[in-house]
Amino acid sequence: MKRYAKTPIAIQNIVAFISVLVLIVCITNLTYAAREKQYVAKQISKFRPDGDISEWEHVEAVPFDQLKDAGNELPDPDDFTGSGRVAWSAKEPNMIYFLVEITDDILQNIHPANDKWWEDDSVEFMFDFDNTMVEDDLVQWTLGTEITEISAAASDDNTLWAISRTFNNYIYEVAIEPTAPRGPNPRNNTRGKDFKANDGLTIGFSFQMNDCENGVREHQIGWTAGRAWDPLNFGDLIFSKEYWGVDPSGKLTTTWAELKQ
Ligand SMILES: [Ca+2]
Ligand SMILES: [Ca+2]
Ligand SMILES: [Ca+2]
Ligand SMILES: [Ca+2]
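FYI, the numbering for the sequence shown is 425 to 685, going by the numbering used here.
Right under this line is the structure:
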């Protein structure tokens, strides 16, 4: 009888053990999310949001070549195209740095800041700070084509930026500080308030641009494909203590092309 009495307990223990294993696997997946795309953000030194982009020379650029919420096909490069880069510095761990370069032939800005900002030419930075992959937890920064056009979570307190223009080319140099007070339309106003970048930290991230002309939004294109407010369409933004342009042994990874210049 004792043998029969013990068996259910043994099975219960095995079930409990497997349940804990499954839970650990689930938690691990949430913490170290592995979405379809990854961007490893390394450090840069002497970041200044001043329109001089020399500090970005070695930083990897990713093309905005994926369709999102507007447009049936990718626009012609003359009409609208762009790319983005990401970096950080352990000296300012509450900040994330961005460089976004855009070509757009016609600008539209017909709404004031924080009013239908997605229907004016603009850049969006979206975060899933805690990798919950829940839409209501997402936080969005939007920057328009004029320095006063700051919307969504973006505020004068949490965004340092410069925008410069040469013909149809626009350059955004941006520092976002998630811990600082937010604008009036952040979507989620609590996630990321304790943000602190460190080596190995992974958050969900997407950035994209709205191309508006003729009174409407004609295209939205970005780094990752699919609906902007679906966190499953985000990529992993992974922070690394390494420096852009410097290999792990400390040597400058200068290319032959750069040496010849
Ligand atoms: Ca600069
Ligand atoms: Ca255009
Ligand atoms: Ca436009
Ligand atoms: Ca506007």
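The beta carbon of each residue, even a glycine, is placed where N, CA and C say it ideally should be. These figures come from a predicted structure and were not determined experimentally.
Do you know how far the Cα of residue j is from the Cα of residue i?
i: ASP502; j: ASP581; result: 35 Å
i: VAL486; j: ASP544; result: 23 Å
i: ALA514; j: SER469; result: 9 Å
i: PHE488; j: SER673; result: 32 Å
i: ASN453; j: GLY616; result: Here the model assigns ASN453 a pLDDT of 44, short of 50, so the residue's position is not dependable, and the following value carries that caveat. Roughly 19 Å between the two C-alpha positions.
i: THR626; j: VAL558; result: 16 Å
i: MET425; j: GLN436; result: Any reading at MET425 must be qualified, since the residue scores a pLDDT of 44, below 50, and its modelled position is unreliable; no value is offered.
i: SER507; j: VAL670; result: 22 Å
i: LYS461; j: THR566; result: 22 Å
i: VAL449; j: GLN644; result: The predicted position of VAL449 is uncertain, since its pLDDT is 49 and thus under 50; no value can be drawn from it.
i: LEU683; j: PRO655; result: The pLDDT assigned to LEU683 is 49, lower than 50, so where the model puts this residue is not dependable; a value taken from the coordinates is nonetheless given after this. Computed Cα separation, rounded: 41 Å.
i: GLN685; j: THR603; result: For GLN685, the predicted model reports a pLDDT of 46, less than 50, meaning its position is unreliable; a value from the coordinates is still stated below. Rounded to whole angstroms, GLN685 to THR603 spans 41 Å at the Cα level.
i: ASN636; j: TRP585; result: Residue identity differs from the one stated: residue 636 is Cys in this sequence, not Asn. The straight-line gap from Cα to Cα measures roughly 21 Å.
i: ARG589; j: SER630; result: 24 Å
i: PRO517; j: ILE477; result: 20 Å
i: LEU523; j: PHE591; result: 18 Å
i: ASP554; j: ASP539; result: 28 Å
i: TYR521; j: THR614; result: 21 Å
i: PHE471; j: GLN632; result: 22 Å
i: GLN564; j: TYR463; result: 18 Å
i: GLY475; j: TRP653; result: 30 Å
i: THR583; j: ASP660; result: 22 Å
Is it the case that the Cβ atoms of residue i and residue j are separated by a distance below 8 Å?
i: PHE504; j: ASP528; result: yes
i: ILE587; j: ILE574; result: no
i: ALA621; j: TRP480; result: no
i: GLY499; j: GLU597; result: Per the sequence presented here, residue 499 reads as Pro, with Gly not at that position. Their beta carbons are not under 8 Å apart, which means PRO499 does not touch GLU597 by this criterion.
i: ARG459; j: PHE619; result: no
i: ARG509; j: VAL483; result: yes
i: ASP561; j: ASP552; result: yes
i: ARG611; j: TRP542; result: no
i: ILE662; j: ALA537; result: no
i: MET519; j: ILE600; result: yes
i: ILE534; j: GLY628; result: no
i: THR569; j: LEU531; result: yes
i: GLU525; j: ASN593; result: yes
i: GLN467; j: TYR667; result: yes
i: LYS665; j: ASP623; result: yes
Does ligand 4 have even one heavy atom less than 7 Å from the beta-carbon of residue i?
i: PRO536; result: yes
i: TRP541; result: yes
i: GLU642; result: no
i: GLU479; result: no
i: GLY508; result: no
i: GLU516; result: no
i: GLU548; result: no
i: GLY650; result: no
i: GLU666; result: no
Is residue i near ligand 3 - that is, is its Cβ less than 7 Å away from at least one heavy atom of it?
i: GLN532; result: yes
i: ASP500; result: no
i: ASP545; result: yes
Under 7 Å: does the beta carbon of residue i sit that close to some heavy atom of ligand 1?
i: PRO602; result: no
i: ARG472; result: yes
i: GLU597; result: yes
i: ASP493; result: no
Pairing CB atoms from the segment 606 to 614 with CB atoms from the segment 490 to 499, are three or more of them under 8 Å? no
The segment 578 to 592 contacting the segment 648 to 656, beta-carbon criterion three pairs below 8 Å: no
Output the residues surrounding ligand 2, defined as those with a CB atom closer than 6 Å to any ligand heavy atom, in chain order. With the cut-off at 6 Å, the residues found are ASP503, PHE504, ASP528, ASP529, ILE530, ASP635 and GLU637.
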